[in-house]
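Student:
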Amino acid sequence: MPALKLVYFPMPGRVEPTRLALAVGGHAFEDEKLTGEQWGTTLKAKVAPKQMPLIYVDGECFGQSNAMMRYAGKISSVDGKPLYPTCPLEALKVDEFIDIIGDVYLCLGKSFTITDQAEREAARAKLVAEGGDLVKWLKLIDEVLGKSASGFAVGDSLTIADIAAFSWIQPLKSGWLDGMPKDCLDRFTNICAHAVKIANIPQVKEYYKDAEGVQAVYRA
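Using the numbering used here, the first residue of the sequence shown is number 500, and each one after it goes up by one.
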């Protein structure tokens, strides 16, 4: 197997699905966590992708979080089933679901540009209020998960669609994002049930058993 290294800030963020996909697939990887100063003053100028996260595969550097996640899914399997489907139609379903989750991040991302604390908190509260932009996308994800007979996002086994949903949505309730209520996901019962299901998969449970800080939200 290739030598793998991930580089990101000390937070879940965009790299967490890749971390988890590699971990549940049984891959050893170096998980380098940089401060903003370390990234800006030492590494950014040296790599072609001018943003994190990054993945090094046998020393070769690549960027783009979704591309990284798909790569991790292609080289990983759980209980003999690949995390990224080999069937083109199933892969399309996985990609569609992941892109819906990406729209959640697009909604939330705008709030990070607001420098005034009170204004930022108010903007985030509006996102998760009834009729808010974030609620619209969470409702769609909740509906998709509610239609699944298996409890998984796509098909009858764990895929990177599940990993993306789990990794990117659960931090919303962690309290890490100022202005985001800790009960913001409670109304989305299918998302909550899905999170419990994924957290209790043995490989996921093992990976997060000692998780602290923001990552504690992933513990079973």
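From the three backbone atoms N, C-alpha and C, an ideal C-beta is built for every residue, glycine too.
(1) For the beta strand (DSSP E) that contains C560, what are its first and last residues?
(2) For V634, which residues of its own chain have a beta-carbon under 8 Å away from its beta-carbon, when the five flanking residues on both sides are left out?
(3) Give every residue of the same chain whose Cβ lies closer than 8 Å to the Cβ of K699, excluding the five residues on either side of it in the sequence, and list them in chain order.
(4) Check each candidate in G525, K704, F687, I659 and name the one with the smallest Cα separation from D594.
(5) Going by DSSP, what residue range makes up the beta strand (DSSP E) through I554?
(6) What are the start and end residues of the alpha helix (DSSP H) that includes E529?
(7) Could you check which residue in A502, C560, F528 has the C-alpha nearest to that of K499?
(8) Skipping 5 residues on each side, what residues in its chain have a beta carbon closer than 6 Å to that of D641?
(9) Report all residues from its chain with a CB closer than 6 Å to the CB of A710; omit the five preceding and five following residues, and keep chain order.
(10) Nearest-angstrom Cα distance between G558 and E531?
(11) Can the beta-carbon of P501 be found closer than 8 Å to that of V556?
(12) Give every residue of the same chain whose Cβ lies closer than 8 Å to the Cβ of K609, excluding the five residues on either side of it in the sequence, and list them in chain order.
(13) Going by DSSP in three states, K504 sits in which element: helix, strand or coil?
Tutor: Let's see:
(1) C560 -> beta strand (DSSP E) spans 559-561.
(2) Here the set comprises L626, V627, A628.
(3) Note on residue identity: the sequence assigns Asn, not Lys, to residue 699. Within the same chain, N699 has close Cβ partners A719.
(4) Nearest option by C-alpha distance: I659.
(5) Start and end: 553-556.
(6) No alpha helix (DSSP H) holds E529; the beta strand (DSSP E) holding it covers 529-532.
(7) Outside the displayed range of the chain (500 to 719) lies residue 499, so it cannot be described from this structure.
(8) Only F687, N689, I690 meet the Cβ criterion.
(9) Same-chain partners within the cutoff: Y717, R718.
(10) One alpha carbon belongs to G558, the other to E531, and they sit about 14 Å apart.
(11) Yes, they are a contact pair.
(12) Cβ within range, chain order: A622.
(13) K504 falls in the strand class under three-state DSSP.
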